[in-house]
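Protein chains in written order, with the working numbering: chain E, 34 to 373; chain G, 34 to 373. Report on one structure; see the data block that follows.
2 protein chains.
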Amino acid sequence: MKLAVSFDGQNASASRQSYERLRELVAGDLNKVNQVVVDHLQSSVTLIPQLAGHLVSSGGKRLRPILTLTTARMCGYEGGRHIDLAACVEFIHTATLLHDDVVDDSALRRGSATANAVWGNKPSVLVGDFLFSRAFQLMVADGSLEVLKILSDASAVIAEGEVDQLMISNDITTDEAAYMQVIGAKTAALFAAASEIGAVVADRDPSDQAALRTYGMSLGIAFQLVDDVLDYSAREADLGKTVGDDFRDGKITLPVVYAIARANDDERQFWKRTLEDEDVRDGDLARAMELLERHDALADTMARARDHANEAREALAGFTANPYRDALLELVDFCVDREF
Amino acid sequence: MKLAVSFDGQNASASRQSYERLRELVAGDLNKVNQVVVDHLQSSVTLIPQLAGHLVSSGGKRLRPILTLTTARMCGYEGGRHIDLAACVEFIHTATLLHDDVVDDSALRRGSATANAVWGNKPSVLVGDFLFSRAFQLMVADGSLEVLKILSDASAVIAEGEVDQLMISNDITTDEAAYMQVIGAKTAALFAAASEIGAVVADRDPSDQAALRTYGMSLGIAFQLVDDVLDYSAREADLGKTVGDDFRDGKITLPVVYAIARANDDERQFWKRTLEDEDVRDGDLARAMELLERHDALADTMARARDHANEAREALAGFTANPYRDALLELVDFCVDREF
């Protein structure tokens, strides 16, 4: 099937290269973060490092810790605090993934079996709690109440966003504003916090902190919108998850919000049956993708993603140009053009 | 059925009175804690206060926040920080209850339907995360890194204990030492932290902090052991949960550890079938209770509880006598003699 929004092979390849350049730029720091993560997964309860290690080592993009590392470096920070704090961010992210996979009953993440699929829901819930606690222990050891405030606020907002997402699940009357509020909380809040921390460790003034917060928030929203589009278009091997997961779960995402807003009666009945009643039959995913194309829903979602990407770029305008700033700008391109 | 360890009606009634005197003594503070809890449950996502409020208002004993309030007062503290910190302790406790009930698939707590039974597992997991985050936001607002360290350490240990408990579940080879490690972590760590915080806000020296930590730890272990005994003997209406829950869940508790250690081959087969294979048939609970009686398993567990209760009392020896110290001593009696 040809999609209205086709991912241009060249853009995607360029985007992957820009992501890899960024990873290269912070490779030394990132290796240290990985070491901190591994060290702090240790527990006398052997299932904890086993289960958490499964997810941590499954090859995530490490975008959130990379944000902390890169923003700190862009701000000229030369100490070591950003390493531990990037690990905190990764711990919080991993905890939310463990709980997400339980809540969504997911079997596959990043192309591997989820922890809940391997070990069951119970240890996934509890190991998530452990990782969350570890994040706070690391922050306490770092000793900054400002960082603790940023990340405890973000954690509360993420949980609110997750509950909110559960509320709009299967609700085909969800509008764009309600959806944007959900993803601002469940996804973008941690991008924002991760980026803001870079300015905090570098002791930058409040306006620079706010600018990096805006950068992270806008990037996070763009990232999530592209995720929503990829769920209806990605090649499974690239995304490491099954195409159509959101559809089968009755998840409301922006492409669907647009398609429903533009639906005729017959189409509305289709969305009601599939998303609201979760009565999904053979051929329904193909029809959903056809309707998304007919109503330009994926293309328009990509346009919204690009708007937020532009806001992210603009938020960096006040910072002196250096390789880290370039990398953060390229990261915006990656988030929009990525195929994984 | 008559149990080897019968709860003496007079003791139980005296114990309930001593608990009620303690609640009366800190009633003013406790009302303020309840207000802080209610205020901080607020969220634009309406399910959050609804679900969390269901549990918070279901009439728990509030033992953990009462520990913070009473230890602070015993140490002569006259400020207001102990109110917010007691609320933090209650938030962390409530978060673990929500996750526990999901992990145990419980339908009843304190005589009411559990949150997961009413709203399902998904929001229970996520609202637990929210409450946990709220606890840390409150601690950050309080501003003490020392308190943050005590409670983030406790949270990590609790999660480890919960995973550990899952590991020994259905494992009839579990010995007393392994079991004591589990309950030291999953239950007593929060009692210890809640009590220690009282000394911290009152700015007492490290030895007083350590003494209150020991008090809480010993009290928590005694409390949990009595809980284990009550599960095989309590009147349902008093405990607000079903008698025999632990048995039907294949949970290993100290009474069962003792009974298995003293079992003949035939009895061992019974424990293997019921606890390990979870093949529980009509009449099995009655037989389990009979075996616990035959081997003095409940009486010996109560003896261990009394040992720890004595340690808790001794930990208070260094503090000047005052009504709060008396109340903390009475609380030990309550925890051992309670029927609920």
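Using N, Cα and C, we set each Cβ at its ideal position, and we do this for glycine too.
Tell me where the alpha helix (DSSP H) around residue i begins and ends.
| i | result |
| --- | --- |
| Arg106(E) | 96–107 |
| Ser188(G) | 178–201 |
| Ser157(E) | 154–175 |
| Ile216(E) | 209–216 |
| Val135(E) | 114–137 |
| Glu326(G) | 317–327 |
| Gly86(G) | 80–89 |
| Arg301(G) | 298–304 |
| Arg337(E) | 330–348 |
| Leu287(E) | 287–294 |
Which partner residues of residue i appear in the DSSP bridge assignment?
| i | result |
| --- | --- |
| Ser251(G) | Its beta-bridge partners do not exist; DSSP assigns none. |
| Ser145(G) | Arg142(G) |
Helix, strand or coil for residue i per DSSP?
| i | result |
| --- | --- |
| Arg237(E) | coil |
| Tyr265(E) | coil |
| Asp72(E) | helix |
| Tyr110(G) | coil |
| Gly277(E) | coil |
| Phe352(G) | coil |
| Arg371(E) | coil |
| Asp62(E) | helix |
| Glu423(G) | Since the first residue of chain G shown is 34 and the last is 373, residue 423(G) is not available in this structure. |
| Ser51(E) | helix |
| Gly231(G) | helix |
| Ser46(E) | helix |
| Thr10(G) | Given that chain G is displayed from residue 34 to residue 373, the structure contains no residue 10(G) and the question cannot be resolved. |
| Leu362(G) | helix |
| Lys219(E) | helix |
| Asp282(E) | coil |
Could you name the residues of the same chain whose beta carbon sits closer than 8 Å to that of residue i, not counting the 5 residues immediately before and after it, in chain order?
| i | result |
| --- | --- |
| Met335(G) | Val38, Leu258, Val259, Val262, Val369 |
| Met102(E) | Per the sequence shown, the amino acid found at residue 102(E) is Leu instead of Met. Here the set comprises Val59, Asp62, Leu63, Val66, His115, Ile116, Ala119, Gly231. |
| Ser76(G) | Pro82, Phe163 |
| Val233(E) | Ser177, Glu179, Val180, Ile183, Gln242 |
| Val70(G) | Val89, Ala120, Glu123, Phe124 |
| Phe352(G) | Met107, Cys108, Asp241, Ala244, Arg358 |
Mark residue i as exposed unless 16 or more other C-beta atoms lie within 10 angstroms of its C-beta, in which case mark it buried.
| i | result |
| --- | --- |
| Gly231(E) | buried |
| Ala60(G) | exposed |
| Ala319(G) | exposed |
| Arg327(G) | exposed |
| Gly194(G) | buried |
| Ala338(G) | buried |
| Asp204(E) | exposed |
| Glu123(E) | buried |
| Asp264(E) | buried |
| Thr206(E) | exposed |
| Ala148(E) | buried |
| Gln302(G) | exposed |
| Ala174(G) | exposed |
| Gln50(G) | exposed |
| Ser202(E) | buried |
| Arg314(E) | exposed |
| Thr79(G) | exposed |
| Pro239(G) | exposed |
Identify, in the order they occur along the chain, each residue of the same chain with its Cβ nearer than 7 Å to the Cβ of residue i, setting aside the five sequence neighbours on each side.
| i | result |
| --- | --- |
| Lys65(E) | Ile116 |
| Gly161(G) | Ala128, Leu131, His132 |
| Asp317(G) | Thr307 |
| Ser188(E) | Ile125 |
| Arg97(E) | Val122, Glu123, His126, Leu223, Phe224, Ala227 |
| Leu325(E) | Tyr265, Pro288, Ala292, Leu331 |
| Ser48(E) | Asp366, Phe367, Asp370, Arg371 |
| Gly93(E) | Arg143 |
Please go through the same chain and pick out, in chain order, the residues whose beta-carbon is closer than 6 Å to the beta-carbon of residue i, but skip the five residues on each side of it.
| i | result |
| --- | --- |
| Thr104(E) | Ser228, Gly231, Leu245 |
| Glu209(G) | Val290 |
| His341(G) | Ser251, Ile254, Ala255 |
| Ala221(G) | Met250, Gly253, Ile254 |
| Ser157(G) | Leu131, Val135, Ala148, Asn149 |
| Ala270(E) | Because the pLDDT of Ala270(E) is 48, which lies under 50, any placement of that residue in the model is unreliable, and the number read from its coordinates should be weighed accordingly. Nothing listed; no residue qualifies. |
| Ala350(G) | none |
Does residue i have its Cβ less than 8 Å from a Cβ in chain B?
| i | result |
| --- | --- |
| Ile81(E) | In the structure shown, chain B does not exist; the protein chains are E and G. |
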